[in-house]
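Numbered as in the numbering used here, the sequence shown ends at 483 without a single skipped number. We put the CB at the ideal spot given by N, CA and C, even for glycine.
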Amino acid sequence: MELIREHINELNLFGLVPEDVEVLLTHCLQNNFFRFNENFYKQSDGIAMGSRIAPSLAIVFMGKLEAEALQVDRPQPDMYVRYIDDIWCLWTHGSEALTEYLAFLNSRHPAIQFTIERSDQDGTLPYLDTLISVRQDGSYSTELYFKPMAAPIILPYDSAHARSTKKAVLTSQITRAIRLGSDTAARKRGLEKIRHLFVSNGYPMKMIKEYSWREMKKHEERSRDRGRERRERPDQRQQNKKKQGTYIRLPFVNDKVAAQVKKVAINSGLPVEIAWTTNNTLKKRLVKTRLNPAPCPSGRRCCHSCQAGLQSKCTTKNVVYELTCSHCGDTYIGETSRPVRLRYNEHRRNGINREEDTPLGEHALHKHPEMDRRDISVTAKILRVCKDEADRRIAESIFIRDARPKINDNTTSWQLLPK
Ligand SMILES: [Zn+2]
Ligand SMILES: [Zn+2]
Numbered sequence: 065m066e067l068i069r070e071h072i073n074e075l076n077l078f079g080l081v082p083e084d085v086e087v088l089l090t091h092c093l094q095n096n097f098f099r100f101n102e103n104f105y106k107q108s109d110g111i112a113m114g115s116r117i118a119p120s121l122a123i124v125f126m127g128k129l130e131a132e133a134l135q136v137d138r139p140q141p142d143m144y145v146r147y148i149d150d151i152w153c154l155w156t157h158g159s160e161a162l163t164e165y166l167a168f169l170n171s172r173h174p175a176i177q178f179t180i181e182r183s184d185q186d187g188t189l190p191y192l193d194t195l196i197s198v199r200q201d202g203s204y205s206t207e208l209y210f211k212p213m214a215a216p217i218i219l220p221y222d223s224a225h226a227r228s229t230k231k232a233v234l235t236s237q238i239t240r241a242i243r244l245g246s247d248t249a250a251r252k253r254g255l256e257k258i259r260h261l262f263v264s265n266g267y268p269m270k271m272i273k274e275y276s277w278r279e280m281k282k283h284e285e286r287s288r289d290r291g292r293e294r295r296e297r298p299d300q301r302q303q304n305k306k307k308q309g310t311y312i313r314l315p316f317v318n319d320k321v322a323a324q325v326k327k328v329a330i331n332s333g334l335p336v337e338i339a340w341t342t343n344n345t346l347k348k349r350l351v352k353t354r355l356n357p358a359p360c361p362s363g364r365r366c367c368h369s370c371q372a373g374l375q376s377k378c379t380t381k382n383v384v385y386e387l388t389c390s391h392c393g394d395t396y397i398g399e400t401s402r403p404v405r406l407r408y409n410e411h412r413r414n415g416i417n418r419e420e421d422t423p424l425g426e427h428a429l430h431k432h433p434e435m436d437r438r439d440i441s442v443t444a445k446i447l448r449v450c451k452d453e454a455d456r457r458i459a460e461s462i463f464i465r466d467a468r469p470k471i472n473d474n475t476t477s478w479q480l481l482p483k
């Protein structure tokens, strides 16, 4: 909030005042839930993982903390850089003073406690994905660094992703190794790590070598060009031209389908580029912003069918459904063209009123004659959403044939021969 107020004139708050932002931020930060086994927990301190605001907030928080710490009149680092909460410092005041400096930083905020890693004798220290060596004369070298504990996992070669995605992943890692290397030997060591990583993920050696060679060549050309006037290479110009079309996003199925679709796109002669996407991501599977189940789509606050298991699907039409008696587990399978909630409510009433000649009424009469009518309860589940009446009736008959539900009297559905 301090940062917002300080920069209020440069910000577009879309009609909100800082106080509104504060209310919204507080809401986001104080209402984070997660589920472990069947229990829900509320996170009481810190920022929730996967929260969209987490990185920005961490940066803002650390920014304030460090701005204040770096202004204190005491021995300070000669160089100080930070990435979110990872800091790299160049320290020239001796080892003892560094220990004191760490204690000083850790006294700034109770929730922020740093650990320290010191460079070895050669002045070498990893920072994020870079190994940095600073020599006595002030010169330094850098190269790609992998944490010793890091699992050698990257998009596997046999994963269901577009070939272009795998090429891009490989190229970007090779480029990273090359860019982080401060000289040819360091770049080669980095590329060796990349080669190892991709080989263990099933990539063909030929492909890795080819791409490494190509990127190294590009890098050398670029270094040669540096200083001279930057000229646009012809292949690059062509690429820029190609990118002027419209993009279509399609889900990736497999390489064969992708090639066929691409062929259709090319043959159409339209300026269309296809971007393959994967909708099934870990994030989508693990992180949800909604805690409560969806409300009843019929708009009712109390919906018996939603509570009985049709949560958020109670208005679905054209379904084959299954009811289960909560007391004995006997089941009933039926079909309806109307919203399933209407049919469910009829069954439920039949059961409660013990109406004769109705499946649930008969079930309650004969199987649970002693039970209090308020205790009669049935859960519901949609077995299939159907296209039309024929589809529905056939599906119902097949489900009945296979499940042999005890509550059905087999007079309403089409009879099918047993399997
Ligand atoms: Zn409902
Ligand atoms: Zn029962």
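Around ligand 2, the residues selected by a Cβ distance under 6 Å to any of its heavy atoms are 389, 391, 392, 394, 427, 431 and 432, following chain order. Closest option to residue 385, judged by alpha-carbon separation, among 373, 393, 398 and 391: 398. Set against 7 Å, the gap from the CB of residue 153 to the closest heavy atom of ligand 1 is not smaller.
Contact annotation, residue 396 with residue 423: C-beta distance approximately 5 Å; criterion of less than 8 Å satisfied. If you draw a 10 Å sphere on the C-beta of residue 311, you find fewer than 16 other C-beta atoms in it, and that means exposed.
Proximity to residue 220 across 467, 428, 233 and 381 peaks at 233, based on C-alpha coordinates. Residue 200 counts as exposed, since fewer than 16 other beta carbons sit within 10 angstroms of its beta carbon. Excluding residues up to 5 positions away in sequence, 68 lie with their Cβ nearer than 7 Å to the Cβ of residue 75 in the same chain. The beta carbon of residue 479 is closer than 8 Å to those of 461 in its chain, skipping five residues each way along the sequence. The residue among 66, 222, 270 and 98 with its C-alpha nearest the C-alpha of residue 85 is 66. Annotation: the segment 169-231 contains the following complete segments of the beta strand (DSSP E) (minimum length 3 residues), in chain order: 188-191, 194-198 and 204-208.
Sequence-distant Cβ neighbours of residue 210 in its own chain, meaning closer than 7 Å and more than five residues away, are 257.
In the assembly as shown, residue 340 is a buried residue. Its beta-carbon has 16 or more other beta-carbons within 10 Å. Here the distance from the Cβ of residue 369 to the nearest heavy atom of ligand 1 is below 7 Å. By a beta-carbon distance limit of 8 Å, residue 146 contacts residue 130. Their separation comes to about 7 Å. Scanning the segment 441-469 from its first residue to its last, the whole alpha helix (DSSP H) runs of 4-plus residues come out as 453-467. Counting the other Cβ atoms within 10 Å of the Cβ of residue 261 gives 16 or more, which makes it buried.
Counting only runs of at least 4 residues, the segment 307-346 fully encloses the following alpha helix (DSSP H) elements, listed from N- to C-terminal order: 319-332. Annotated as proximal: residue 383 and residue 448, with beta-carbon spacing under 8 Å. For residue 84, the enclosing alpha helix (DSSP H) stretches over residues 82-94. Leaving aside the five residues that flank residue 149 on each side, the residues in its chain whose CB is nearer than 8 Å to its CB run, in chain order, 122 and 126.
The C-beta distance from residue 194 to residue 244 rounds to 5 Å, short enough to fall under 8 Å.
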